[in-house]
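Undergrad: Going by this note's numbering, the first residue of the sequence shown is number 228, and it counts up by one from there.
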Amino acid sequence: MADANAASTSSPPSSPPGGGADVGDSINPEIIDMDIFSQLLEMDDDEDDREFSREIVWNYFDQAAATFVKMDKALEEKSLLELSTLGHFLKGSSAAVGVSKVRDSCENMQHYGKQVEPDGATEITEEVALEKLTATLKEVKVQYKEAEEALRAFYKAHEGDDGDADD
228 MADANAASTS SPPSSPPGGG ADVGDSINPE IIDMDIFSQL LEMDDDEDDR EFSREIVWNY
288 FDQAAATFVK MDKALEEKSL LELSTLGHFL KGSSAAVGVS KVRDSCENMQ HYGKQVEPDG
348 ATEITEEVAL EKLTATLKEV KVQYKEAEEA LRAFYKAHEG DDGDADD
């Protein structure tokens with residue numbers, strides 16, 4: 228009976244369903260949440276082409292780039308509520324593709340834009356909020372670049388016959 232219990236508490240297999248063993252090996256789980264990304268990959272009709280998930284991820288890249296431009300402008304204008312809204316938006320997009328560090332940082336931006344700490348209760352001044360938003364925006368851009376490079380490398384390694392990932 229002890230063996231059956233040990234088996235039920237062991238780790239899940241390293242290769243996610245529909246993702247193949249190479250998925251977890253090619254992406255750093257500290258950058259991309261593999262549980263979420265693997266679920267996205269499971270929606271692909273063709274594991275060699277990965278057209279569906281690629282389109283979702285490339286749309287995310289476009290959304291993130293546009294959102295960063297808006298965030299820079301909102302920060303320049305000291306528009307805290309706009310930064311909160313944009314943080315919320317990018318948090319959701321990042322969560323959908325498994326970009327966990329960006330998701331978490333954007334959640335912090337969402338709070339700072341409302342002049343509260345990430346605990347949601349401790350109030351901060353506008354000046355402190357702007358300082359934290361400035362630092363967090365720099366950090367989130369680095370985190371995003373890291374994730375973008377990891378995802379682009381994954382899709383480059385899994386290109387179909389056409390080799391064009393920008394479709």
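We put the beta carbon where it would ideally sit given N, CA and C, even for glycine.
(1) Look at the Cβ atom of K318, then the Cβ atom of Q290, and state whether they are nearer than 9 Å.
(2) So what does DSSP say about V343, is it helix, strand or coil?
(3) Looking only at its own chain, which residues have a Cβ that is under 6 Å from the Cβ of P345, when we skip the five neighbours before and after it?
(4) If you pair each beta-carbon of the region 301-309 with each one of the region 327-334, do three or more pairs fall below 8 Å?
(5) CA-CA distance, I263 and T349?
(6) Pick helix, strand or coil for E304, following the three-state DSSP scheme.
(7) Using CA coordinates, which residue listed in S321, W285, T312 is at the minimum distance from M298?
(8) Expressed to the nearest angstrom, what Euclidean distance is found between the alpha-carbon atoms of L364 and D271?
(9) Using a 10 Å radius around the Cβ and a threshold of 16 neighbouring Cβ atoms, would you call K383 buried or exposed?
(10) Where does E373 fall in DSSP's three states?
(11) Suppose you measure from the CA of I254 to the CA of A292; what does that come to, to the nearest Å?
(12) Output needed for D260: all residues of its chain with C-beta closer than 6 Å, excluding positions within five of it in sequence on either side, in chain order.
TA: With the given structure in hand:
(1) Within the sequence shown, the letter at position 91 stands for residue 318. Within the sequence shown, the letter at position 63 stands for residue 290. Cβ atoms of K318 and Q290: not closer than 9 Å.
(2) As a working mapping, residue 343 is identified with position 116 in the sequence shown. The answer is strand: DSSP assigns V343 an E or B state.
(3) Position 118 of the sequence shown, counted from the start, is the residue given in the question as residue 345. Counting only Cβ-Cβ distances below 6 Å, and skipping sequence neighbours, we find N335, H338.
(4) no
(5) Indexing the sequence shown from 1 puts residue 263 at position 36. Indexing the sequence shown from 1 puts residue 349 at position 122. Those two C-alpha atoms are separated by around 31 Å.
(6) As a position in the sequence shown, residue 304 is number 77, starting the count at 1. Correct three-state label for E304: coil.
(7) If you number the sequence shown from 1, residue 298 lands on position 71. Among S321, W285, T312, the Cα nearest to that of M298 is on T312.
(8) In the sequence shown, counting from the first residue as 1, residue 364 sits at position 137. In the sequence shown, counting from the first residue as 1, residue 271 sits at position 44. Their backbone Cα atoms lie some 32 Å apart in a straight line.
(9) Position 156 of the sequence shown, counted from the start, is the residue given in the question as residue 383. Exposed: under 16 other Cβ atoms inside 10 Å.
(10) If you number the sequence shown from 1, residue 373 lands on position 146. It is helical.
(11) Walking along the sequence shown from the start, residue 254 turns up at place 27. Walking along the sequence shown from the start, residue 292 turns up at place 65. Straight-line Cα distance between these residues: approximately 21 Å.
(12) Locating residue 260 in the sequence shown gives position 33, where the first residue counts as 1. G325, S327, listed in sequence order.
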